[in-house]
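These notes concern the structure reproduced below.
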Amino acid sequence: MTSSQIATMEDGKGTVSILNIEALDDTNLASFKLNQQGYLIERKVWVRPKSSQWFNEIFTQIEECEFKEHFRVNRNTFNFLVNELHPHLGKTTTTMREPISVVKRVAVALHYLASCEEYHVVSSLFGIGESTANLIVHEFVNAVNDILLPKYVKFPLSVENLNKYSRDFEAILDFPQCVGAVDGCHIPISAPKDQAISYYNYKGLCSIVLFAVVDCRYRFIYTSVGSPGRNNDSYILQNSSLKAILESNLFGKCCKELGDSLVPLSRRVVENAFGRVKARFRVICKRMECDINFATRIVNACVTLHNICEYYDDIITIEWLMHHHDDSLAQPNTVSTTGNNGPGKNVRDSIAKYLYEKDK
Numbered sequence: 256m257t258s259s260q261i262a263t264m265e266d267g268k269g270t271v272s273i274l275n276i277e278a279l280d281d282t283n284l285a286s287f288k289l290n291q292q293g294y295l296i297e298r299k300v301w302v303r304p305k306s307s308q309w310f311n312e313i314f315t316q317i318e319e320c321e322f323k324e325h326f327r328v329n330r331n332t333f334n335f336l337v338n339e340l341h342p343h344l345g346k347t348t349t350t351m352r353e354p355i356s357v358v359k360r361v362a363v364a365l366h367y368l369a370s371c372e373e374y375h376v377v378s379s380l381f382g383i384g385e386s387t388a389n390l391i392v393h394e395f396v397n398a399v400n401d402i403l404l405p406k407y408v409k410f411p412l413s414v415e416n417l418n419k420y421s422r423d424f425e426a427i428l429d430f431p432q433c434v435g436a437v438d439g440c441h442i443p444i445s446a447p448k449d450q451a452i453s454y455y456n457y458k459g460l461c462s463i464v465l466f467a468v469v470d471c472r473y474r475f476i477y478t479s480v481g482s483p484g485r486n487n488d489s490y491i492l493q494n495s496s497l498k499a500i501l502e503s504n505l506f507g508k509c510c511k512e513l514g515d516s517l518v519p520l521s522r523r524v525v526e527n528a529f530g531r532v533k534a535r536f537r538v539i540c541k542r543m544e545c546d547i548n549f550a551t552r553i554v555n556a557c558v559t560l561h562n563i564c565e566y567y568d569d570i571i572t573i574e575w576l577m578h579h580h581d582d583s584l585a586q587p588n589t590v591s592t593t594g595n596n597g598p599g600k601n602v603r604d605s606i607a608k609y610l611y612e613k614d615k
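Count along the sequence shown from 1, then add 255; that gives the number in my numbering.
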């Protein structure tokens, strides 16, 4: 048989086509597999068929409220994400098969972030392979970090914007001269192989820290994610880019960082923001079984998606918040590292006097 010839043979189970390997180029070769005799046998299907019935029904039959339960966003927000990420998630059609649509890719990733389910469960629901589900989530999380995070998690870096945030804080929460509330939140992870001891916080839990500044509308305007759980908030602040911003000419000499434990109202604001993002995207409530770098990107993606929901009035449900409160992981107690002395005390006293006089 020459390299261009095709022969057939009977094996008792039907006729199969046999080709000489030299007759195939790289593109055609992918459609064949070797039999025990070393011949190439043409594949009947490229992948094992899987059912997409659940996914198809979700998008065509269910009501808005049920749609939101599965993906933690409404259809408008979902479509916004599809449009924003389409250039970065879309795949080219090949001669082998049609690519998974961007709509389905976004649905897979959102369901994973919202549900805490393992990849094998998500893959079964959407009729795709487990490794494919894993890859889709990674690509989506990376795209959100690279494309959307810089747009939707931004610290106000102009005097005009600072004044706007300060006015909003006072108008909504009746708290003057405040741009945002700062605090840290522990996100559970599996202990890494290297320097595992550094990631155990003083509650004995392995975690990374989401250190954040939140505005009066529960939107994150600054995040620093990935610091080992043993580090306290003061240490993280001192080693963060936020410290340089606060000490820049933008704020001048009037800026003081007020410890969250010393200003209960600000702590309530930032803790509510943490609760909202966890209620929406429950993947950060469970122990993440991935490397530190990707766990950090997952947290940043969840924060970004939360901000998008808050910006576009994608309302969070009371049931989600109640469910999160019941199942939430106990956080290490906040340790005050600022003390009751120093320049910050004068600022706190002035604010306290202002609020007292205002309420008289």
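Cβ atoms here follow ideal geometry from the backbone N, Cα and C, with glycine treated the same way.
Span of the alpha helix (DSSP H) around C557: 547-566
Beta strand (DSSP E) containing A641: first to last residue? Because residue 641 is not part of the residues shown, which for the chain are 256 to 615, the question remains open.
I'd like the list of long-range same chain contacts for D429, defined as Cβ closer than 6 Å, with 5 residues on each side in sequence excluded. none
For G439, write down the residues that DSSP places opposite it in a beta bridge. F466
In terms of alpha-carbon separation, which member of A398, V396, D401, S307 lies closest to K359? S307
Here's a check: name, in chain order, each residue in its chain whose Cβ is nearer than 6 Å to the Cβ of R531, leaving out the five neighbours to either side. Y473, I571
Would V464 pass as a contact of I491 if the rule is Cβ separation under 8 Å? yes
Measure the alpha-carbon distance for A362 versus G382 and round it to whole angstroms. One C-alpha to the other measures close to 12 Å.
Could you give the residue range of the alpha helix (DSSP H) that holds S421? S421 -> alpha helix (DSSP H) spans 414-428.
Does the distance from the CB of F410 to the CB of Y477 come in under 8 Å? yes
Quick check on S413: buried or exposed, where buried means 16 or more other Cβ atoms within 10 Å of its Cβ? Classification of S413: exposed, given that the 10 Å Cβ count is below 16.
Chain-order list of residues whose beta-carbon lies under 7 Å from that of N400 (same chain, five-residue window excluded): The answer, listed in chain order, is R552, N555, A556.
Does the beta-carbon of E565 have 16 or more other beta-carbons within 10 angstroms, so that it is buried, or is it exposed? Buried is the call here.
For T348, which residues in the same chain have their Cβ closer than 8 Å to its Cβ, ignoring the five residues on either side in sequence? P354
In or out: N487 buried (at least 16 other Cβ within 10 Å) or exposed? buried
Selected residue, minimal CA-CA separation from D423, among V469, Y407, Y455: Closest option to D423, Cα to Cα, is V469.
In whole angstroms, what is the alpha-carbon distance linking Y367 and A398? 15 Å
My understanding is that P443 touches K541, with C-beta atoms under 8 Å, so please give their C-beta distance in whole angstroms. 7 Å
Can you tell me where the beta strand (DSSP E) holding S482 begins and where it ends? 475-483
If you run the structure through DSSP and keep just helix, strand and coil, what is F314? helix
Any idea which residues DSSP pairs M577 with across the strands? In DSSP, M577 forms no bridge with anything.
Cβ-based burial, H441 [other Cβ within 10 Å; buried from 16]: buried
Under the rule that 16 or more other beta-carbon atoms within 10 Å means buried, what is G579, buried or exposed? Gly is not the amino acid found at residue 579; the sequence shown has His there. H579 is buried by the Cβ-count criterion.
If contacts are defined as beta-carbon pairs under 8 Å, then A627 and V396 qualify, I think. What distance do you get, rounded to the angstrom? Missing from the structure shown is residue 627; the chain here goes from 256 to 615 and no further.
Other residues of its chain near V480: CB distance less than 6 Å, five sequence neighbours each side excluded: L465, T551, V554, N555
Enumerate in chain order the residues of its own chain whose CB-to-CB distance from N389 is below 7 Å, with the five nearest sequence positions on each side excluded. Y374
Rounded straight-line distance, which links the Cα of I500 to that of K448: 34 Å
Same chain, Cβ closer than 7 Å to N548, neighbours up to 5 away in sequence not counted: none
Looking only at DSSP bridge pairs, what is Y455 linked to? C461
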